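**Student:** In this note's numbering, the protein residues as written are 1 to 710. Every residue gets a Cβ at the ideal spot worked out from N, C-alpha and C, and that includes glycine. Here the structure is a predicted model, which is why all the values come from computation and not from measurement. Okay, here's the structure, questions in a sec.
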Ligand code: ADP
Ligand code: MG
């Protein structure tokens with residue numbers, strides 16, 4: 001059946017009509033035949049199996065049993081009665097129970113006659129019972145031709161209220177198969193079908209809706225998942241290739257004096273091999289005539305900043321300006337101070353622009369940006385404002401990508417240099433996105449297919465793994481004693497409180513209560529304490545932060561504002577209060593604030609006794625491992641990809657059948673086949689690939705999928 005026919009509005013399908021069409025549209029997003037065809041069942045009721053009563057498990061879902069009723073009685077209960085039947089086979093007995101329709105059942109059920117019953121079995125008080133079973137005489141059952149695996153389609157309350165039950169949906173899908181004769185165009189090439197032993201499209205679609213047996217269902221699922229992921233990867237890879245061809249970038253062909261001088265005379269340490277490798281990858285991009293769009297992943301403390309700085313030097317060496325954008329003022333400040341210090345004596349100019357920079361101070365910054373005197377601008381979102389104009393921005397770096405949306409990324413794009421006066425606008429700057437949220441590679445591949453990925457997978461030498469423990473609130477006195485001991489050794493301590501938007505007022509109260517109790521237990525002048533939270537004025541925050549950085553205070557009480565990037569190597573203890581309320585990646589980020597110096601560092605996760613099983617998993621994972629990627633995998637399993645990437649991106653991958661986490665192996669193979677295909681036949685013109693080319697064009701034309709990719 002060709003694609004055009006499948007674009008027929010659903011209202012024309014026999015059995016639908018205007019009312020149902022509207023409900024199908026609003027509830028399930030079904031507009032045309034194709035959408036109904038792609039409404040894959042959530043699960044199946046398996047009627048291929050017959051259970052013996054003796055085999056029943058307490059956790060059994062729906063089961064089908066052959067046996068007979070030997071006894072029927074009415075039982076009085078608080079309100080009304082129930083009808084109870086004793087149902088037996090040669091291995092045991094269960095109770096069948098009815099609350100409704102008792103009279104009819106009593107009159108029609110035959111005793112001591114073989115029946116096939118089907119329903120959900122409950123385990124209660126040492127015996128099994130099945131309320132309101134479906135029943136059929138065995139003699140009838142054997143005669144009838146039946147679909148053994150019944151599809152269960154997604155449902156909503158409104159759907160069932162409007163009479164579009166699961167049965168009705170199944171009927172409509174059946175009707176669709178009648179009208180199309182169940183013939184659908186193949187969408188994968190013979191080569192792929194052969195190599196992966198995939199079943200044909202028509203067979204897959206039939207068996208996903210009406211599986212003949214478990215084996216065919218599995219084959220249908222595999223084929224359709226592969227197809228979905230294959231076309232997703234094909235699109236991403238094609239986009240990436242196109243990107244490289246089309247988007248011209250500034251060619252940084254010089255490795256000039258600045259870079260070389262810095263490398264030889266100013267670099268405070270030997271780069272790790274991973275840092276060197278990543279710099280090489282970046283240099284290759286910058287000299288390729290195409291725009292760089294690179295994601296740099298590296299666990300907290302892996303040393304991304306120095307890579308950023310050296311990339312910036314390459315830009316300046318080639319006569320361009322650079323900017324570095326961070327998600328918080330504290331972090332922007334810290335970058336500014338750190339980078340200024342690194343570049344002292346090199347002649348490079350660097351300024352800070354954040355929301356709290358005064359108007360009078362902004363004016364010279366704007367001027368120097370426009371006349372090119374200023375080499376580097378570091379800041380927050382303020383850098384993105386329209387009035388910030390560069391003379392020739394050649395490189396934009398975004399730190400901690402997960403706080404940034406796609407829109408902001410694209411804003412930077414358009415800050416490119418206008419000086420070469422090209423038709424159609426300016427050349428975009430090279431873009432480097434840095435993140436400490438270790439997105440599992442396969443997921444990154446799928447979501448950021450348009451970005452190339454570099455990974456710093458090695459920590460600078462000499463770091464001792466952070467010791468992490470979980471303590472209950474009742475152990476607080478011991479924890480405080482531990483803090484005292486560490487402070488006596490000259491260390492500094494973070495105490496972090498959760499701050500969740502929904503319960504902000506309460507959270508602030510917790511923070512202030514906590515602060516007061518710490519002030520009480522750690523009295524001045526022996527102890528100095530800083531506090532930083534989101535409701536403070538930026539100047540005050542900076543002042544407090546500064547005192548901690550300089551070592552004037554020993555304890556920093558804070559909300560998660562310190563989560564990102566802050567670097568105080570002498571701080572060696574991280575106490576996380578109400579740790580059960582933090583997500584895994586957040587806990588890992590917070591822990592990354594310590595362990596930056598040569599001393600043994602500690603992370604103490606404080607919780608109450610009341611813990612959900614998910615919270616327990618998070619805490620256990622933190623105690624067991626320091627590896628950000630391992631943690632990210634667990635996080636992904638607990639929360640799913642949407643949550644990990646934040647609300648902006650969630651729903652980005654509304655796949656119909658594949659699951660990016662569970663179907664990871666299929667994803668990898670889909671990506672491999674898509675790569676091979678495009679390598680071998682980039683514009684899909686070989687005859688054997690026409691089938692793929694057509695379907696791909698159709699997907700784009702009808703926007704059936706992937707219009708969600710930015
Ligand atoms: P992140 O990747 O979390 O941004 P940073 O760039 O802040 O990490 O680096 C963390 C700390 O490690 C900094 O104090 C930095 O000076 C130090 N560092 C970075 N690279 C190295 C290296 N190759 N050898 C020793 N220390 C390093
Ligand atoms: Mg950083």
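Nearest by alpha-carbon distance to residue 90: which of 51, 346, 316, 297 is it?
**Tutor:** Selected option, being the one with the closest Cα: 51.
**Student:** Ordered along the chain, which non-local residues of its own chain (more than five positions away) have a Cβ less than 7 Å from that of residue 309?
**Tutor:** Excluding its 5 nearest sequence neighbours in each direction, residue 309 has C-beta neighbours in its own chain below 7 Å: 339, 342, listed in chain order.
**Student:** Taking C-alpha atoms, which residue in 379, 124, 493 lies nearest to residue 557?
**Tutor:** Here the closest residue by C-alpha is 493.
**Student:** If we call anything under 8 Å between Cβ atoms a contact, is residue 458 one with residue 272?
**Tutor:** yes
**Student:** Span of the alpha helix (DSSP H) holding residue 304?
**Tutor:** 304 to 317
**Student:** Relative to the C-alpha of residue 294, which residue among 506, 430, 102 is closest?
**Tutor:** 430
**Student:** Under 8 Å by Cβ, that's how I've got residue 734 and residue 436 pegged, so tell me the actual separation to the nearest angstrom.
**Tutor:** There is no way to answer for residue 734, as the model of the chain reaches only from 1 to 710.
**Student:** DSSP three-state call for residue 577: helix, strand or coil?
**Tutor:** coil
**Student:** Just to check my reading of the structure: residue 232 and residue 346 have Cβ atoms closer than 8 Å, yes? What is that Cβ distance to the nearest angstrom?
**Tutor:** Contact flag wrong, Cβ pair sits at about 45 Å.
**Student:** Just curious, the beta strand (DSSP E) that residue 67 is in, first and last residue?
**Tutor:** 62 to 76
**Student:** Would you say residue 125 lies against chain C (beta-carbon separation less than 8 Å)?
**Tutor:** The structure shown has no chain C; it contains just one protein chain.
**Student:** Please report the distance separating the alpha-carbon of residue 137 from that of residue 67.
**Tutor:** 10 Å
**Student:** Less than 8 Å between the C-beta atoms of residue 10 and residue 24, yes or no?
**Tutor:** yes
**Student:** Let me confirm a value: residue 98 is counted as buried when at least 16 other C-beta atoms fall within 10 Å, else exposed. Which label applies?
**Tutor:** buried
**Student:** Between residue 399 and the ligand MG, is there a pair consisting of the residue's CB and a ligand heavy atom that are separated by less than 7 Å?
**Tutor:** yes
**Student:** Give the DSSP-derived three-state secondary structure of residue 591 in the structure shown.
**Tutor:** helix
**Student:** When DSSP labels each residue in this structure, what does residue 643 get in the three-state scheme?
**Tutor:** Reliability fails at residue 643, whose pLDDT of 49 lies under 50, so the model's placement of it is uncertain and the value that follows must be treated cautiously. Correct three-state label for residue 643: helix.
**Student:** Starting from residue 453 and walking both ways along the beta strand (DSSP E), at which residues does that stretch end?
**Tutor:** Where residue 453 is concerned, the enclosing beta strand (DSSP E) stretches over 452 to 456.
**Student:** Which residue marks the beginning of the alpha helix (DSSP H) containing residue 25, and which one marks its end?
**Tutor:** 17 to 28
**Student:** Quick check: does the Cβ of residue 302 come within less than 7 Å of any heavy atom belonging to the ligand ADP?
**Tutor:** Yes, Cβ of residue 302 sits closer than 7 Å to a heavy atom of the ligand ADP.
**Student:** Distance, Cα to Cα, residue 354 vs residue 6?
**Tutor:** Residue 354 and residue 6: Cα-Cα distance of roughly 54 Å.
**Student:** Locate the alpha helix (DSSP H) running through residue 100, then write down its first and last residues.
**Tutor:** Per DSSP, residue 100 belongs to no alpha helix (DSSP H) and is neither H nor E.
**Student:** Going by beta carbon distance, what residues of the same chain come within less than 7 Å of residue 186, once the five residues before and after it are set aside?
**Tutor:** Counting only Cβ-Cβ distances below 7 Å, and skipping sequence neighbours, we find 200, 201, 691.
**Student:** What is the rounded straight-line gap between the Cα of residue 602 and the Cα of residue 280?
**Tutor:** 35 Å
**Student:** By how many angstroms is the C-alpha of residue 385 removed from the C-alpha of residue 250?
**Tutor:** 23 Å
**Student:** Which residues in the same chain have their Cβ closer than 7 Å to the Cβ of residue 480, if we skip the five residues on either side of it in sequence?
**Tutor:** 521
**Student:** So the candidates are 17, 126, 14, 28; which of them puts its Cα closest to the Cα of residue 656?
**Tutor:** 28
**Student:** Below 8 Å on the Cβ atoms is my guess for residue 378 versus residue 332; work out the distance and round it to an integer in Å.
**Tutor:** 6 Å
**Student:** Just reading off the alpha helix (DSSP H) that residue 351 is part of, what are its end residues?
**Tutor:** Careful: residue 351 lies outside any alpha helix (DSSP H), inside the beta strand (DSSP E) at 350 to 353.
**Student:** So is residue 613 buried or exposed if we call it buried at 16+ other beta carbons inside 10 Å?
**Tutor:** exposed
**Student:** Using only the alpha-carbon positions, how far apart do residue 86 and residue 132 sit?
**Tutor:** Each residue's Cα considered, the two are about 13 Å apart.
**Student:** In angstroms, rounded to a whole number, what distance separates the CA positions of residue 584 and residue 42?
**Tutor:** 29 Å
**Student:** With distances taken Cα to Cα, identify the nearest neighbour of residue 117 among 141, 103, 126.
**Tutor:** 141
**Student:** At what residue ranges does the stretch 162 to 247 contain a whole run of the alpha helix (DSSP H), taking only runs of 4 or more?
**Tutor:** 166 to 180, 190 to 196, 201 to 209, 214 to 246
**Student:** Could you please give me the residues that DSSP links to residue 617 through a beta bridge?
**Tutor:** DSSP output for residue 617 lists no bridge partner at all.
**Student:** Is the closest heavy atom of the ligand MG to the C-beta of residue 560 under 7 Å?
**Tutor:** no
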